[in-house]
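Position one of the sequence shown corresponds to residue 13 (this note's numbering), numbered consecutively onward.
Backbone N, C-alpha and C fix where the C-beta goes; we use that ideal spot for every residue, glycine too.
To keep things clear, I will list the structure first and then write my remarks on it.
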Amino acid sequence: SVEPSTLHEEITRYQFFLQVKRDILHGRLLCTFNDLVELGAYIVQADIGDYEEEDHGENYVSEFRIVPKQSDKLEKKIAETHKMLTGQVPAVAEKNFLGAVKGLDMYGVD
């Protein structure tokens, strides 16, 4: 399987990020709750950047579809983790997302 975090072309890495994100949303890549918290935080960071209370409010994660059946508990944990990613630009968040994905048990298994 591909070593996603070593893809050199940013557009290739971005397309791969989108594909894996879609696989998670459609249930093709199974993840634990803790994996979803980490991956969800990277998705949010890549999309909106740093958390800004006046811009994002309290339930901002609910605007993102990360998994088919998304709970309030998951969204709260993603928000907590996202707030710790301050300073990561989107390309870095995407690269970290892909780095985390390669450690998943089901990554690269059809």
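Exercise for the section: Flag this pair as touching only if the stretch 104-121 and the stretch 71-79 have three or more C-beta atom pairs under 8 angstroms; answer yes or no. Expected result: no
Handout entry: Sequence-distant residues of the same chain with beta carbon closer than 7 angstroms to ALA53, five excluded per side
Key = ILE90, THR93, HIS94 and LEU97
Exercise for the section: Just the C-alpha distance for ASP59 and LEU30, rounded to the nearest angstrom, thanks. Expected result: 11 angstroms
Exercise for the section: Just the C-alpha distance for GLN100 and GLY111, rounded to the nearest angstrom, thanks. Expected result: 14 angstroms
Problem - Pair within 8 angstroms by beta-carbon distance, ILE78 and LEU41 - result: no
Practice task
Find out if the Cβ-Cβ distance for the pair GLN57, ALA103 is shorter than 8 angstroms.
Solution key: no
Handout entry: TYR26 CB to nearest heavy atom of the ligand FMN below 7 angstroms
Key = The ligand content of the structure shown is nil, which means the ligand FMN is not present either.
Practice task
For ASP35, I'd like the list of residues in its chain whose CB is within less than 8 angstroms of its CB, leaving aside the five on either flank, ordered along the chain.
Solution key: LEU41.
Problem - Proximity below 8 angstroms, CB of LEU86 to CB of PHE28 - result: Cβ atoms of LEU86 and PHE28: not closer than 8 angstroms.
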